[in-house]
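Chains as they are written, first to last, in my numbering: chain A, 795 to 1213; chain B, 121 to 313; chain C, 767 to 949. Heads up, the beta-carbon is just placed ideally off N, CA and C, and yes, glycines get one too. Values in this document were obtained by computation on a predicted structure and should not be read as measured data. Remarks on the structure that follows.
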Amino acid sequence: MVPSSETPARGAAATLPVKPAGQGDYDEDFNLKPKFATPLARNEREMVMDVRTQDMEMNMGPQHPSTHGVLRLLLRVDGEIVTGAVPYIGYIHRCAEKIGESVEWIQYLPYTDRYDYLAAMNNNLGYSMAVEKLLGIEIPERAMYIRTICAELNRIGSHLIAFGTYGLDLGAFTPFFYSFREREWILSLFEKICGARLTYSYIRIGGVFNDSPPGWLEEVAAFCNDFEEKWKEYNDLLSENSIFVSRTANVGVISVEDALAFGLTGPCLRGSGIAYDLRKAQPYELYNKFEFDIPVGSGRKGTVGDCWDRYDVRMQEMRESVKIVRQCLAGIQEGPTLAKLSAALRVPAGHAYVGIENPRGELGHFVISGGDKKAIRLRVRGPSFCNLSILPKALPGTMLADAVAVIGSIDIVLGEVDR
Amino acid sequence: MASDPKPTTPEPKGAAAVPRHWLPSPWDHSLEKLKATLSSPGGPCDANDLKIVPWGAKQCEGYIDVPAAKIADICKVLRDDPDCRYEIVMCISGVDYSKEDDKLAIIYHLLSVANNQRAQIRAWVPKAAPEIDTVEGVWAAANWHERETYDFFGVVFRGHSDLRRILCPEDWVGFPLLKDYEFPKEYHGISCV
Amino acid sequence: MVAPTHTLKSSGWFNEVWLGFWTALVGMRITLKYFFKKPETVQYPEERMPIPDRYRGIHYLEQEKCIYCFMCARACPVDCISMEAVRHGKELEWVSFTVDYNRCMFCELCTYPCPKDCIHEGKEFALVTYDRRDLVLDLLSWKGMSAEAKQRFEAAEAAKASGAAAKDAPKAGAAPADAPEHS
């Protein structure tokens, strides 16, 4: 296809032959189809509030503190009740996949940091594992242990942000500071091992860049001990708080069917009651050696799959991560941390899809190599991208203030949605 | 269109031996079984239409090439068949293998939570007029993935409810992940060089 | 008009009031505990957090070790390193070695391929300028040839000249073609 002559120019979507006006929930001018106007997506609370006003459209975002980045939501509200939502994304699209085709394999590593910047270690890990699968190399065991420690610590750090900002979204200011205090410790641990606080580029193809500095593992152990204590405080502060429970229980319920149909993974899927964790179900690296549980949404405060369940799954997961880190610390041995690789990396032709359990769900890297220094295609399957796509389904029927609770409970990182 | 059905796909030439900790991966659906399911009597397609494309000698992560015309039916079977039960479509990726190809590949990565297995199927569409049926009716998640594939490759998904650009701006010209894409010099007066 | 209710499971009205009161009290107790503790924060410009040894900040170059091999520039994903030097036999006459910090993302990929281990990322992190053009920093500590290099170069030239003189007497007076113009 020659892009110049045949591709549609401005307003490409409007001139598409395949979009007969009237398909989908909205038409081009964002008028809801009758499907939404009928009591189809109404929940019981809306039935109770039997006042109908004229629907109003309003923008939430892109500069809205509760959208966790530059997410723009076009909401259609009937009084206080959301009757329709359309997410608009792409405000920080950085063409990660196009860059992946134009830089060398190892050079792409810093770019992986930048999609889910709260869990950059996990991104590094996913990309490295995909390329390693193509290369067919064995990773030294110590490197795998360090990778696991880093990935799990980063999971804790990421969930701490989710916990803190979720409280912030719903009006609880204090947990945010406390969670950042612990996260700061994790960041300084990462700073000691790799020199960066956010964009680590530490886990690389073939292992890790540096061995852990002396005393680092002991400090990780100290962190684990301290974190167990602090976790109880967090739980007391927020999880059981009556106001918080009122804001989250029975709000934004995502059924199992919806969760699967919309491709939800990670805490969002587990919050809906499915105990599916890639670390357990399809263990990679060393995860089959470790003992840990998969927290699942229980409906303890409301319905299974509500916001509180998703929040609770994250809280419990932090403790499981601490368990894993402890087992890593017990099992780690001296040894090399980097497999032998040539400097100009040529990856054998083929393709590999590797999905790993990011804090937000399955982060998939699908790489296709033509046997050259660069990739033919580098596809990133971001968990936030898919988790976000449920908003048009999950938001209608909730109160406008609860929209914030639903978005926060899905815990998106816009850097990864937009890539 | 070239008469040769086999495109210039970079298939592994002496691919490296797969390390131990990758294989065996019990969660990769056996391609033969998948093929048998799809081509069983009453199934969506004929056995001749399906082509197994293994990766290396061990068939780890192989594709099944499926006819693009029947993609919606095939996906429905993959979701509903008790041996498959692929409830989640992980990603739908367009692939432009090379400039010389006259075809685009669309690869569907599927995950079954119930059976804990994965599968990949691939359909080919012509580059000149890339069109394929939507699978939005099978998996709701396909909505955004197909929009993304349209955004980057210009593949038109017939029957899609809301096919517009998703990551690029709506007035972006061209489809950036095609190999013959030319970078624009400027965008709304902003120099891109 | 019935207000929307979120009911806690198995709780009546009094129970709910008590629960709200109690859970708030639990939170207050925790915050009160921290009221008497030392704050975690530091007053930044006066106090500073310790910076670990592996910190990835602004580069520094051990210029005497550098052999002008371009390995770091080639490894850079964003092409922010550029260098220029003139070779005089074994010695180098430096013109520039710049890092464009508009682009640099501090990934440290430039330091690993270096065969002489001469480019590092240091502990400096404050990159504040009024002009973006000022962010292109030159890492050289001297321009041209270093004193030792010049000495070595002149010694080598002299040895070469005398060797040539011994070998081929008629051409002894010829000066070296590419003599350094400045030091």
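>> Looking at B/Asp201: is its Cβ nearer than 7 Å to the Cβ of B/Thr157?
In response: In contact: B/Asp201 and B/Thr157 (Cβ atoms closer than 7 Å).
> The beta strand (DSSP E) with A/His862 in it runs from where to where?
Replying inline: That residue, A/His862, is in no beta strand (DSSP E); it is neither H nor E in DSSP.
> Which parts of the region 833-886 of chain C are runs of the alpha helix (DSSP H), unbroken and 4 residues or longer, counting only runs that do not cross its ends?
Replying inline: Along the length of the region 833-886 of chain C, whole alpha helix (DSSP H) runs at least 4 residues long occupy 837-841, reported in chain order.
> Taking contact to mean at least 3 C-beta pairs separated by less than 8 Å, is the region 906-913 of chain A in contact with the region 1192-1203 of chain A?
Replying inline: Judged by Cβ distances under 8 Å, the region 906-913 of chain A makes no contact with the region 1192-1203 of chain A, as fewer than three pairs qualify.
>> Nearest by alpha-carbon distance to A/Val880: which of A/Leu1194, A/Val1014, A/Lys1187 is it?
In response: Residue A/Lys1187 is the option with its Cα nearest to A/Val880.
>> Does chain B have any CB closer than 7 Å to the CB of A/Gly1056?
In response: Looking at the sequence shown, residue 1056 of chain A is not Gly but Phe. Between A/Phe1056 and chain B, the shortest Cβ-Cβ separation is below 7 Å.
> Which residue from A/Ala924, A/Leu947, A/Asp1030, A/Ser922 puts its Cα closest to that of C/Gly793?
Replying inline: Closest by alpha carbon: A/Asp1030.
> Can you tell me where the beta strand (DSSP E) with B/Lys171 in it begins and where it stops?
Replying inline: Counting along the chain, the beta strand (DSSP E) containing B/Lys171 begins and ends at 171-173.
>> Any beta carbon of chain A sitting closer than 7 Å to that of C/Pro818?
In response: At a cut-off of 7 Å between beta carbons, C/Pro818 contacts chain A.
> Going by alpha carbons, who is nearest to A/Asp1196 out of A/Ile931, A/Val1047, A/Val1141?
Replying inline: Sorting A/Ile931, A/Val1047, A/Val1141 by C-alpha distance to the C-alpha of A/Asp1196 places A/Val1047 at the top.
>> Residues of chain A with CB closer than 7 Å to the CB of B/Leu297, please, in chain order.
In response: Those within 7 Å of B/Leu297 in chain A are Glu891, Lys892.
> Roughly how many whole angstroms lie between the Cα atoms of B/Asp216 and B/Leu297?
Replying inline: Roughly 8 Å separates the two Cα atoms.
>> Restricting to runs no shorter than 3 residues, where is the beta strand (DSSP E) found entirely within the region 947-996 of chain A?
In response: Counting only runs of 3 or more, we get nothing.
> Excluding the five sequence neighbours on either side, which residues of its own chain have a C-beta within less than 6 Å of the C-beta of A/Asp748, listed in chain order?
Replying inline: Summary: the structure shown does not reach residue 748 of chain A, with chain A confined to residues 795 through 1213, and so no result is reported for it.
>> My output table needs one value for A/Cys1101: the three-state DSSP class, helix, strand or coil.
In response: DSSP places A/Cys1101 in helix when its eight states are reduced to three.
>> At a threshold of 6 Å, does A/Tyr911 count as lining the ligand MG (C-beta to nearest heavy atom)?
In response: Looking at this structure, you won't find the ligand MG or any other ligand, since it has none at all.
> Hey, quick one: how far does the beta strand (DSSP E) through A/Gly1144 stretch, first residue to last?
Replying inline: For A/Gly1144, the enclosing beta strand (DSSP E) begins and ends at 1144-1152.
> Closest to B/Thr269 by CA distance: which of B/Ser160, B/Ile226, B/Ile208, B/Glu152 is it?
Replying inline: The shortest C-alpha separation from B/Thr269 is found at B/Ile226.
>> Quick check: A/Ser922 and A/Pro1153, are their CB atoms within less than 7 Å of each other?
In response: Contact: no.
> What is the residue span of the alpha helix (DSSP H) that A/Pro1061 lies within?
Replying inline: That run of the alpha helix (DSSP H) goes 1061-1065.
> Around the C-beta of A/Tyr939, are 16 or more other C-beta atoms found within 10 angstroms, so that it is buried, or is it exposed?
Replying inline: By the neighbour-count criterion, in which 16 or more other beta carbons inside 10 Å mark a residue as buried, A/Tyr939 falls on the buried side.
>> I'd like to know whether the C-beta of B/His229 is nearer than 7 Å to at least one C-beta of chain A.
In response: With its beta carbon less than 7 Å from one in chain A, B/His229 belongs to the interface.
>> So A/Ile999 and A/Ile950 are supposed to be a Cβ contact under 8 Å. How far apart are they, rounded?
In response: Your pair A/Ile999 and A/Ile950 does not check out as a contact, with CB atoms roughly 25 Å apart and the cut at 8 Å.
>> Within 7 Å of any Cβ in chain C, is that where the Cβ of A/Thr1131 sits?
In response: No, no contact with chain C.
>> Tell me the rounded alpha-carbon separation between A/Pro1089 and A/Cys1180.
In response: About 21 Å.
> To which residues of the same chain is C/Leu901 closer than 8 Å at the C-beta, ignoring the five residues directly before and after it?
Replying inline: Cβ within range, chain order: Asp866, Tyr867, Asn868, Leu893, Thr895.
> DSSP on B/Cys211, reduced to helix/strand/coil?
Replying inline: If DSSP states are grouped into helix, strand and coil, B/Cys211 belongs with the strands.
> How many Å lie between C/Ala841 and A/Ile886 at the Cα?
Replying inline: Going from the Cα of C/Ala841 to the Cα of A/Ile886 covers about 26 Å.
> Would A/Gly1091 pass as a contact of A/Gly1060 if the rule is Cβ separation under 7 Å?
Replying inline: No, these two residues do not count as a Cβ contact at 7 Å.
>> Below 8 Å on the Cβ atoms is my contact criterion, and I expect A/Val876 with A/Gly1191 to pass it. Report the Cβ-Cβ distance as a whole number of Å.
In response: Indeed they touch by this definition, with Cβ atoms about 7 Å apart.
>> So A/Leu992 contacts chain C; which residues on that side make the cut at Cβ distance below 8 Å?
In response: Neighbours of A/Leu992 on chain C: none; closest Cβ ~10 Å, over 8 Å.
>> So within the region 1073-1142 of chain A, which uninterrupted beta strand (DSSP E) runs reach at least 3 residues, ignoring any that extend past its ends?
In response: Runs of the beta strand (DSSP E) lying entirely within the region 1073-1142 of chain A and spanning at least 3 residues: none are present.
> Can you list, in chain order, the residues of its chain whose CB lies under 7 Å from that of A/Trp1102, leaving out five sequence neighbours each side?
Replying inline: When the five nearest sequence neighbours on each side are left out, the beta carbons in the same chain lying within less than 7 Å of the beta carbon of A/Trp1102 are those of Val1039, Thr1042, Ala1043, Lys1095, Gly1096, in order along the chain.
> Which chain C residues sit within Cβ distance under 7 Å of A/Arg975?
Replying inline: Counting only Cβ-Cβ distances below 7 Å, A/Arg975 has contacts in chain C at Glu806, in chain order.
>> Is there a C-beta anywhere in chain B that falls below 7 Å from the one on A/Ala879?
In response: No, its Cβ sits nowhere closer than 7 Å to a Cβ of chain B.
> What residues are listed by DSSP as bridge partners for A/Leu1157?
Replying inline: Partner(s): A/Ile1150.
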